[in-house]
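Going down the list, the protein sequences come from chains A and B.
Just add 134 to the spot in the first sequence (first one is 1) and you have our numbering.
Just add 134 to the spot in the second sequence (first one is 1) and you have our numbering.
By construction, the Cβ of each residue, glycine as well, lies at the ideal position given by its N, Cα and C atoms.
Number of protein chains: 2
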Amino acid sequence: MSDALAAMFKALGDPTRLKIYTFLCDCSGPVAVNDDGDVRPASGPTVGEICCHITGLEQSSSNISFHLKELRTAGLIETERRGKNIVCSVNSAAHATLHAYFVGGQSGRINSGV
Amino acid sequence: MSDALAAMFKALGDPTRLKIYTFLCDCSGPVAVNDDGDVRPASGPTVGEICCHITGLEQSSSNISFHLKELRTAGLIETERRGKNIVCSVNSAAHATLHAYFVGGQSGRINSGV
DNA sequence: TCAATAGTTCAACATTTATTGAACTATTGA
DNA sequence: TCAATAGTTCAATAAATGTTGAACTATTGA
């Protein structure tokens, strides 16, 4: 339970991965939901596009592939092959979990007294 | 900028540290603000109390000390000596930064269409 | 079927990290 | 001042991690 959360934070704890994840958050399309209610991976950038954005191209795609795998293993992102490309997108449920962790608890405590 | 954020996530990416941080969030007292507007460390558990809570006691306090240092270096927590003890508390500004990262962006996208 | 494109996996490596126990520092109370 | 308490720092070790280039797999288009 808590370890899964730690794994997510750990995945975001590398500068390259945080850039990738932020990029995905910024440019992921809407989530697709089919007639059965299944949530399918949303449209988003391909691995190649992520490489371009992160490394300015001309850097090892194997490294980006490694980081994408880490993000996927942590449950933060999803990937789906579309023809020759693989499209990446943010896992909304995981994003919501992370958001929820920082809600409440510490909030509203500033200037609340001695 | 982004590296500081990554450092915070990295600090939360270890199960022991996440437990410590969560404990601090749960039991930190209100933040103290003096007449000059300076925000001083809030009251909270001592290092020893954290050791008890995390390890059920009987485990190396040097390890907890190490993790507290990591959290402090990342800017997530603050410590203040009070007599023989050292009291720990959450850094509210850092907490707000983390919270803000997950607001907007991905939110509101679920079920928003194809 | 063949070549080109798009990503992944593998092996090797240099760093970093978490953990442990022992030694050290700082504060309090007798 | 001395002993006890509360934490930190240090050294050593084992494990995990990020990066690289080469080899591999999968898909498309000719």
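What's the call for residue 190 of chain B, buried or exposed, on a 16-neighbour Cβ count within 10 Å? Within the second sequence, numbered from 1, the residue matching residue 190 of chain B stands at position 56. Under this definition residue 190 of chain B is an exposed residue.
Note down, in chain order, every chain B residue with its Cβ under 8 Å from the Cβ of residue 237 of chain A. If you number the first sequence from 1, residue 237 of chain A lands on position 103. Neighbours of residue 237 of chain A on chain B, chain order: 233.
Of the choices A:196, A:209 and A:233, whose alpha-carbon is the least far from that of residue 225 of chain A? Position 91 of the first sequence, counted from the start, is the residue given in the question as residue 225 of chain A. Nearest C-alpha to residue 225 of chain A: A:209.
With DSSP as the reference, identify every bridge partner of residue 219 of chain A, one or two as the case may be. Here the question's residue 219 of chain A lines up with position 85 in the first sequence. Residue 219 of chain A pairs with A:216.
When you compare only the Cα positions, how much space is there between residue 219 of chain A and residue 182 of chain A? The residue you call residue 219 of chain A lines up with position 85 of the first sequence. The residue you call residue 182 of chain A lines up with position 48 of the first sequence. Rounded to whole angstroms, the separation of the alpha carbons of residue 182 of chain A and residue 219 of chain A is 8 Å.
Return no unless some Cβ of chain A is closer than 9 Å to the Cβ of residue 179 of chain B. In the second sequence, counting from the first residue as 1, residue 179 of chain B sits at position 45. No, residue 179 of chain B does not count as interfacial toward chain A.
Got a sec? Which residues, its chain only, sit under 7 Å from residue 237 of chain A by beta carbon, not counting five neighbours each side? The residue labelled residue 237 of chain A in the question sits at position 103 within the first sequence. So no residue of the chain qualifies.
Counting beta carbon pairs with one atom in the segment 197 to 212 of chain A and one in the segment 149 to 161 of chain A, are three or more of them shorter than 8 Å? Contact between the segment 149 to 161 of chain A and the segment 197 to 212 of chain A is present: 3 or more CB-CB pairs across the two stretches fall below 8 Å.
Is the CB of residue 201 of chain A under 9 Å away from at least one CB in chain B? Numbered from 1 along the first sequence, position 67 holds the residue referred to as residue 201 of chain A. No, residue 201 of chain A does not count as interfacial toward chain B.
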